[in-house]
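Read the structure below first, then the notes.
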Amino acid sequence: MDRGNHSAALSSAWSRYVHLTRHAFKMEFRQKNGLAGLVLFAIASVYTCYQVAGSRADVDAWNSLAWVVLLFSAFNAVSKPWPEDSAEMRAYLVHVVKPQEWILARITFFSLLLSALTCIVFVAFTLFLGSEHLNGKQGLSFFLGMQCTSIAMASLLAMIQALAIRANGGFGLIAVLGLPLIIPVILIATRYGMDILNGISFADTAHNLLFLATLSGGFGALGYILFPYLWND
59 MDRGNHSAAL SSAWSRYVHL TRHAFKMEFR QKNGLAGLVL FAIASVYTCY
109 QVAGSRADVD AWNSLAWVVL LFSAFNAVSK PWPEDSAEMR AYLVHVVKPQ
159 EWILARITFF SLLLSALTCI VFVAFTLFLG SEHLNGKQGL SFFLGMQCTS
209 IAMASLLAMI QALAIRANGG FGLIAVLGLP LIIPVILIAT RYGMDILNGI
259 SFADTAHNLL FLATLSGGFG ALGYILFPYL WND
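Residue numbers for the sequence shown follow this note's numbering, so the first one is 59 and each next one is one higher.
Here it is, written out as structure tokens:
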């Protein structure tokens with residue numbers, strides 16, 4: 059009987075998590091201007107880099123600019139408020155969902171959103187700034203690193219955004235809290251990118267992806283553990 063109740067509880071929790079994730083995407087696609095703004099910001103940032111560095115940027119510039127654009131695209135994605143972030147909606151959600159389900163759904167949403175933006179940034183970079191630094195395997199390895207980095211950023215920034223919402227701090231608080239904490243992610247990503255662009259084999263630098271995966275899991279675990287204390291505040 060207890061096993062059946064436990065299974066039912068897990069099924070119910072999973073259903074709420076899936077519903078929250080789907081709802082996040084529905085809200086995002088309803089705000090077509092906001093979604094278009096994210097894409098436009100990413101492409102405009104790459105074009106600005108092209109105007110500064112030209113179509114044949116050296117390896118150091120190419121690598122650094124790629125991560126800078128991805129970083130600011132990530133902060134831009136989490137900066138805009140949502141209708142359910144209002145005090146009235148939060149008061150309602152407290153009684154219908156668990157905080158762990160809410161934060162995991164938000165992390166999942168931002169991970170998928172930033173993964174899509176990463177694809178756009180990578181393609182735009184290869185079009186505007188050239189791809190002579192990347193052969194087939196290097197390009198795939200660099201793209202994989204960008205995806206892992208975007209997930210790590212999403213895990214951290216989703217938690218930071220949730221804290222900022224509860225504190226009514228807005229984007230200013232997201233930037234103040236997020237930039238210092240995201241530095242380790244950028245340092246690892248930059249080191250990994252330089253290794254790939256300098257021709258070091260994927261096997262010899264794959265440990266950096268493991269570090270990024272560890273950071274992603276750590277950020278997600280912190281959000282899962284700490285956010286419930288703010289949920290009922």
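Note that CB positions come from ideal geometry on N, CA and C, so glycine has one too.
Our two residues, Leu175 and Ala100, have alpha carbons roughly 7 Å apart in a direct line.
Here Glu159 carries a helix assignment [DSSP, helix/strand/coil]. For His191, the secondary structure class from DSSP, reduced to helix, strand or coil, is coil. One thing to note: Gln196 has its Cβ within 9 Å of the Cβ of Ile254. Going by DSSP, Ala124 is part of the alpha helix (DSSP H) stretching over 117 to 137.
For Ile283, the three-state secondary structure derived from DSSP is helix.
Tyr282 and Val155 have their C-alpha atoms some 14 Å from each other.
When secondary structure is reduced to three states using DSSP, Ile258 falls in the coil class, being assigned neither helix nor strand. By the neighbour-count criterion, in which a residue is buried when 16 or more other Cβ atoms sit within 10 angstroms of its Cβ, Val179 is buried. Judged by pairs of C-beta atoms under 8 Å, the region 165 to 173 touches the region 205 to 218, as three or more such pairs exist. Taking C-beta atoms as the reference points, Leu268 and Met211 fail to come closer than 9 Å. In the DSSP assignment, Gln109 falls within the alpha helix (DSSP H) that extends over 90 to 111. Taking C-beta atoms under 8 Å as the contact rule, Ala220 and Tyr75 fail to qualify, at a distance of about 15 Å. In this structure Ser131 is buried. Its beta-carbon is surrounded by 16 or more other beta-carbon atoms within 10 angstroms. Assignment of Val154 by DSSP, reduced to helix, strand and coil, places it in the coil class.
Excluding the 5 residues flanking it on each side, Thr248 has same chain C-beta neighbours closer than 6 Å at Trp125, in chain order. One thing to note: Phe133 has its Cβ no nearer than 9 Å to the Cβ of Ala71. By the criterion of at least three beta-carbon pairs nearer than 8 Å, the region 105 to 124 is in contact with the region 187 to 194.
In this structure, the straight-line span from the alpha carbon of Gly276 to that of Leu284 is close to 12 Å.
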